[in-house]
Amino acid sequence: MTAFYDSTAGRLTCLTDGAASFAPEIFADLPVADQNALLSAAGEVEIRTEFNCFVLEQPGAAPVLIDAGGGALMGDKAGALAGLLADKGIAPEAVGTIIFTHLHRDHVGGALDGDKPVFPNAEVVMLDIEKDFWQGKADQPGGMLIAAYAGRIRTVSDGDDILPGVRAWHLPGHTPGHMGLRIGDDLVVVADILHAELLQLPHPEVSPIYDTDGAQGAATRRAALEEIADNGLVYVGGHQLGPQKFGRLRRAGPGFEKTAP
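Following this line, the structure appears as structure tokens:
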């Protein structure tokens, strides 16, 4: 499943690497009855999620990959990225840059073939704090990724220009160095500040148990969602459901509602 948005800095295409469902316990801060009411109102019976990665295409430049899906690290729940890139005519050798929003397995697995890199010519970019957090943890996907791409990792800080029209946006909480991206004048990639929009847009205070710091993640999420809503930005992230991955936001009571881009 694909969707794209033409920003002022290039076309961003969302590639869905796989899908899964979350148990209610993942969002322990929201009572199950409230979860079920929100799901029912949307015609859903479970907390579905999808694993998104992205290709940014800019004139005259090599394709840029943003996250790489789960690959073999997610078993049968993921691994579609390679075929989706092939469908777009993008060989692994052609990818010039991979920007990682953070180094969880569902974002780095598709860049690893065991302990070897899948993308032999790509420069890897991540926030400096994220690299420091995972450096040397050889038994963790983040540490494996850093080791596999050693010698061609560039670290950035909040607000740095990564590529023309692409800036780093530190969004801490999910991991210490979790980051989004500001692309052009009108588009943001929010990475994993939202794992289940149906639950977390109306209740931004609800963090999943996967967050390193749930309270910080909740504060980050609200501030980011407010910025998106108040400035009319288009957003997309690591776990938005299809078919339309991109959207805008408007304030709705204590939370937010998603609207068309």
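For the sequence shown, UniProt numbering gives the first residue as 1, with consecutive numbering after it. Glycine included, C-beta positions come from ideal geometry on N, C-alpha and C.
Spatial neighbours of P117 in its own chain (CB-CB distance under 7 Å, excluding positions within 5 residues in sequence) are listed in chain order as A111, A148, Y149. Looking at the DSSP output, S7 shares a beta bridge with G10. Cα atoms of A82 and V64: separation of roughly 14 Å, rounded to the nearest angstrom.
Put simply, the region 208 to 222 does not touch the region 38 to 47. Fewer than three CB pairs are less than 8 Å apart. According to the DSSP assignment, T220 belongs to the alpha helix (DSSP H) that extends over 214 to 231.
Contact check for F51 against C14 fails: the beta carbons are separated by 8 Å or more.
Here D106 is near G69, since their CB atoms are less than 8 Å apart. CA-to-CA, the gap between P59 and G10 works out to about 7 Å. Exposed is the label assigned to G136, since fewer than 16 other Cβ atoms lie within 10 Å of its Cβ. Between R152 and E197 the beta-carbon gap is near 35 Å, outside 8 Å, which marks them as no contact. I129 sits in a helix when the DSSP states are folded into three classes. Excluding sequence positions up to five before and after L163, its CB lies within less than 7 Å of the CB of V64, T97, all in the same chain and listed in chain order. Cα atoms of K88 and P31: separation of roughly 42 Å, rounded to the nearest angstrom.
Checking the DSSP bridge columns, you'll see H170 partnered with M179. Residue pairing by DSSP places K258 opposite L249 in a beta bridge.
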